[in-house]
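Peer 1:
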DNA sequence: ATTTTGCTTAACAATTTATTAATCTTGCAT
DNA sequence: ATGCAAGATTAATAAATTGTTAAGCAAAAT
């Protein structure tokens with residue numbers, strides 16, 4: 008898979024908080040992006056595709072809940088972990104936040120140390136999500152542990168990128184993955200590869216599998232379906 | 008196998024207990040790591056890969072059961088022995104603990120002396136676990152006790168590392184072991200050896216066995232299959 | 001003390017995979 | 001129909017990964 012780099016986006020309108028948290032997370036190996044208001048956060052998120060987004064609720068331009076709501080409408084942010092920074096005991100925000108797709112909350116004020124360990128635990132959650140077990144559909148079975156795909160119980164060997172690509176698409180059958188999403192996930196959004204690279208890999212997968220399970224959605228991306 | 012060093016991780020929120028137990032175990036040749044809360048324990052565990060993990064149930068941040076549950080989701084901790092420290096007669100914890108993958112319990116309070124002998128016995132169990140069970144597949148039989156592999160009942164002498172490597176791979180046929188996993192298990196996660204070391208050992212195994220039972224998964228690792 | 005055995009490394013060969021570039025197809029809009 | 005845009009294909013090339021061999025060293029055995 009692409010990056011070992013763990014990207015965190017933090018949005019808050021207090022520069023001091025941004026600075027100190029950002030510094031501490033960087034110390035622990037995270038790549039941190041900071042935004043000073045809601046709109047900035049959205050722009051940045053779309054640019055760098057963070058793995059974890061931390062949003063202050065009260066922000067200029069667009070508050071955290073708005074930002075979350077808007078990001079969640081995009082497929083690329085469906086699985087991103089989004090958490091809110093809230094004042095202690097702000098029940099209302101909690102409720103509204105969960106409605107709009109937040110994954111969790113962090114109560115303010117928070118020490119950098121606690122913040123780091125919170126973030127660590129979010130990433131453990133992310134990893135667990137990704138570890139996932141065998142995917143099985145019709146005659147096709149994808150075994151992540153074996154790094155092999157079976158079609159009618161016959162093993163088919165895919166190369167690493169091919170296997171990862173197929174697994175990714177098959178992780179949500181029917182859902183269209185944008186070319187950009189695929190690049191981000193499999194190649195990493197800092198790696199720059201040509202336009203046709205994905206196509207060629209898709210081609211090889213189709214060829215090796217011999218069955219038609221990857222559909223092209225022109226101008227958009229690819230999806231897996233039987 | 009890798010280190011003769013026996014690593015024990017103890018998590019408890021009482022510094023005194025940590026200190027006295029840790030001291031006594033060290034006297035008996037164990038390398039001890041201590042954690043003061045659940046999250047700390049998880050972090051440490053992932054870092055040092057202890058052979059035995061002792062968790063107090065009641066801890067800040069994350070209780071022992073949570074820690075256990077979380078570690079057990081990771082393949083690397085599937086076979087690690089995890090035991091709980093519990094207040095005497097805490098039936099409920101026992102039940103829940105076993106559900107979440109604990110191997111055993113130690114009742115508090117416990118004297119350092121008893122603790123040491125408990126730990127000793129856990130390590131005997133670990134050794135027994137790792138030895139003793141012969142793996143047999145097709146014409147191939149791996150005898151851990153004898154440190155010998157038989158092919159069609161003809162003994163084949165593998166060197167120590169070769170034997171360990173083969174046994175490890177064969178412990179889960181079909182499953183791909185990452186190069187890193189292999190290094191961790193067979194060489195130890197602190198030992199640094201060159202890139203080609205694994206390959207050379209694999210080569211020798213293949214050569215000596217004469218049959219093709221180790222498959223390379225490029226960019227990923229190796230797996231055993233007949 | 002000498003030999004043997006096992007582990008590691010280094011250098012290079014071989015193979016496999018990834019990427020690009022160039023050339024077709026195809027569907028769609030004009 | 002015609003021209004374009006987006007993908008598909010293919011082959012060539014680059015990059016990454018592994019295989020192989022030989023040699024040095026250290027520890028164990030003789």
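Residue numbers (the working numbering), protein chains in the order written: chain W, 8 to 233; chain V, 8 to 233.
Ideal Cβ placement from N, Cα and C applies to all residues, glycine included.
Computed from a predicted structure; not experimentally measured.
(1) For residue 233(W) and residue 108(W), which I take to be in contact (beta-carbon distance under 8 Å), what is that distance rounded to the nearest angstrom?
(2) Would a check of beta-carbon distances place residue 128(W) closer than 8 Å to chain V?
(3) Among 208(V), 76(V), 59(V), which residue has its Cα nearest to the Cα of residue 88(V)?
(4) Comparing alpha-carbon positions, which option in 57(W), 153(W), 32(W), 25(W) lies nearest residue 196(W)?
(5) Would DSSP call residue 10(V) helix, strand or coil?
(6) Is there contact between the stretch 17-36 of chain V and the stretch 206-224 of chain W, where contact requires at least three CB pairs shorter than 8 Å?
(7) Spell out whether any CB of chain W is found under 8 Å from the CB atom of residue 46(V).
(8) Using a Cβ-Cβ cut-off of 8 Å, state whether residue 50(V) counts as contacting chain W.
(9) Out of curiosity, what's the CA-to-CA distance linking residue 14(V) and residue 36(V)?
(10) Of all the options 151(V), 159(V), 181(V), 179(V), which has the alpha carbon lying nearest to the alpha carbon of residue 169(V)?
(11) Report the residue from 161(V), 219(V), 231(V) whose alpha carbon sits nearest the alpha carbon of residue 189(V).
(12) Starting from residue 148(W), follow the beta strand (DSSP E) in both directions and report where the run begins and ends.
(13) Could you tell me how far apart the beta carbons of residue 62(V) and residue 114(V) are, in whole angstroms, since I believe they sit closer than 8 Å?
(14) Note the first and the last residue of the continuous alpha helix (DSSP H) segment covering residue 30(V).
(15) Could you pull the start and end residues of the beta strand (DSSP E) that residue 88(W) belongs to?
(16) Alpha carbon to alpha carbon, how far is residue 10(V) from residue 38(V)?
(17) Can you name, in chain order, every residue of its own chain whose Cβ lies under 7 Å from the Cβ of residue 181(V), other than the five neighbours on each side?
(18) Within 8 Å of any Cβ in chain V, is that where the Cβ of residue 154(W) sits?
(19) Along chain W, which residues have their Cβ under 7 Å away from the Cβ of residue 227(V)?
(20) With 9 Å as the limit, tell me which residues of the stretch 163-187 of chain V have their beta carbon closer than that to any beta carbon of chain W; keep them in chain order.
(21) Based on Cα-Cα distance, which residue from 28(W), 222(W), 85(W), 223(W) lies nearest to residue 121(W)?
(22) Just to confirm my understanding: we take residue 46(W), look at its own chain, exclude 5 residues before and 5 after, and list those with CB closer than 7 Å. What are they?
(23) Using a beta-carbon distance below 8 Å, is residue 230(V) in contact with chain W?
(24) Give the single residue among 222(V), 16(V), 124(V), 153(V) whose Cα lies nearest to the Cα of residue 176(V).
(25) Rounded to whole angstroms, what is the Cα-Cα separation between residue 179(V) and residue 94(W)?
Peer 2: Let's see:
(1) With 8 Å as the limit, residue 233(W) and residue 108(W) do not qualify as a contact, their Cβ atoms being about 29 Å apart.
(2) yes
(3) 59(V)
(4) 57(W)
(5) Per-residue confidence for residue 10(V) stands at a pLDDT of 48, beneath the threshold of 50, marking its modelled position as unreliable; no derived number is given.
(6) no
(7) yes
(8) yes
(9) 10 Å
(10) 151(V)
(11) 231(V)
(12) 147-150
(13) Not really, about 14 Å apart at Cβ, beyond 8 Å.
(14) 22-34
(15) 88-94
(16) Residue confidence is low: residue 10(V) scores 48 on pLDDT, short of 50, so the model does not pin down where it sits. No coordinate-derived value is stated.
(17) 230, 232
(18) yes
(19) 154, 167
(20) 179, 181, 182, 183
(21) 28(W)
(22) 68, 69
(23) yes
(24) 222(V)
(25) 49 Å
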